[in-house]
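S.K.: Can you read through this structure? Questions will come right after.
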Amino acid sequence: MREYQHIDHELPPYVPSGARVLILGTMPSPKSREVGFYYGHPQNRFWKALSGAFGENVPVSTEEQKAFLERHKIALWDTLASCEIHGADDASIRRPVANDLQPILSTQPIQAIFTTGKKAADYYERLILPNTGIPATTLPSPSPANCRYHTVETLTEAYRAVCRYCP
Numbered sequence: 099m100r101e102y103q104h105i106d107h108e109l110p111p112y113v114p115s116g117a118r119v120l121i122l123g124t125m126p127s128p129k130s131r132e133v134g135f136y137y138g139h140p141q142n143r144f145w146k147a148l149s150g151a152f153g154e155n156v157p158v159s160t161e162e163q164k165a166f167l168e169r170h171k172i173a174l175w176d177t178l179a180s181c182e183i184h185g186a187d188d189a190s191i192r193r194p195v196a197n198d199l200q201p202i203l204s205t206q207p208i209q210a211i212f213t214t215g216k217k218a219a220d221y222y223e224r225l226i227l228p229n230t231g232i233p234a235t236t237l238p239s240p241s242p243a244n245c246r247y248h249t250v251e252t253l254t255e256a257y258r259a260v261c262r263y264c265p
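In the numbering used here, the protein residues as written are 99 to 265.
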């Protein structure tokens, strides 16, 4: 039997001034919560794919990651404010509660919303889209569990869609 844990989203949204893009995951992984920033698991390929899409070196430290996001006017957050989950397995999520994106959307010139993975897209469409009316583009999940479907190269190519909205 799987052991579920109730998780309240602990990480605040990262929103640089003048953010043009909002990228939403599902819920921070245990490792991301431990390091205190998004996509913190060393095997997660988010930072490799996104920096590769911009033709830049992979930002390693949280400070480098934040500087990258500032430079490109990219905000990060998640679709869910809380849920019950087994580890970092998005497929195990029960009782999802959506984050309210209005504080970001009402204060930033967001031109595009992206989700990282099918589960984030599903929660966005079901729980958030009815409130925002802004469709989101689904990017492939950067999770190491998605390696058999997407190489870093194919992820990078997909993540290039973000570049057209960024300086």
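Where a beta carbon is used, it is the ideal one built from N, C-alpha and C, also for glycine.
To the nearest angstrom, how far is it from the Cα of Q103 to the Cα of E161?
M.R.: Within the sequence shown, residue 103 is the residue found at index 5, counting from 1. Within the sequence shown, residue 161 is the residue found at index 63, counting from 1. Q103 and E161: Cα-Cα distance of roughly 30 Å.
S.K.: What ranges does the alpha helix (DSSP H) occupy inside the stretch 143-186, keeping only unbroken runs of at least 4 residues that lie completely in it?
M.R.: For the stretch 143-186, whole alpha helix (DSSP H) runs of length 4 or above, ordered along the chain, are 144-151, 160-170.
S.K.: Measure the C-alpha to C-alpha separation of I226 and A117 and round it to an integer number of angstroms.
M.R.: If you number the sequence shown from 1, residue 226 lands on position 128. If you number the sequence shown from 1, residue 117 lands on position 19. Distance between the alpha carbons of I226 and A117: 19 Å.
S.K.: Can you tell me whether S239 is buried or exposed, with buried defined as 16 or more other CB within 10 angstroms of its CB?
M.R.: In the sequence shown, the residue the question calls residue 239 occupies position 141. S239 is buried by the Cβ-count criterion.
S.K.: Within a Cβ cutoff of 6 Å, which residues of the same chain sit near F166, ignoring the five residues on either side of it in sequence?
M.R.: Numbered from 1 along the sequence shown, position 68 holds the residue referred to as residue 166. Around F166: P157.
S.K.: Report the residue ranges of all beta strand (DSSP E) runs contained in full by the stretch 188-226; include only those spanning at least 3 residues, in chain order.
M.R.: The stretch 188-226 contains these whole beta strand (DSSP E) runs: 210-214.
S.K.: Per DSSP, Q103 is paired with what?
M.R.: The residue labelled residue 103 in the question sits at position 5 within the sequence shown. Q103 pairs with I183.
S.K.: Ends of the alpha helix (DSSP H) at A256?
M.R.: Taking the sequence shown and counting its residues from 1, the one referred to as residue 256 is at position 158. That run of the alpha helix (DSSP H) goes 250-261.
S.K.: For a quick check, are the C-beta atoms of L174 and T124 less than 8 Å apart?
M.R.: Mapped onto the sequence shown, residue 174 falls at position 76. Mapped onto the sequence shown, residue 124 falls at position 26. Not a contact, by the Cβ cut-off of 8 Å.
S.K.: V119 lies in the alpha helix (DSSP H); which residues open and close that run?
M.R.: Against the sequence shown, residue 119 aligns to sequence position 21. Taken as a continuous stretch (DSSP letters only), V119 belongs to no alpha helix (DSSP H), being part of the beta strand (DSSP E) at 119-123.
S.K.: Are H107 and S180 close, meaning C-beta to C-beta below 8 Å?
M.R.: For the purposes of this step, residue 107 is identified with residue 9 of the sequence shown, where counting begins at 1. For the purposes of this step, residue 180 is identified with residue 82 of the sequence shown, where counting begins at 1. Yes, Cβ-Cβ distance for H107 and S180 is below 8 Å.
S.K.: Are K171 and C264 close, meaning C-beta to C-beta below 8 Å?
M.R.: As a working mapping, residue 171 is identified with position 73 in the sequence shown. As a working mapping, residue 264 is identified with position 166 in the sequence shown. Their beta carbons are under 8 Å apart, which means K171 touches C264 by this criterion.
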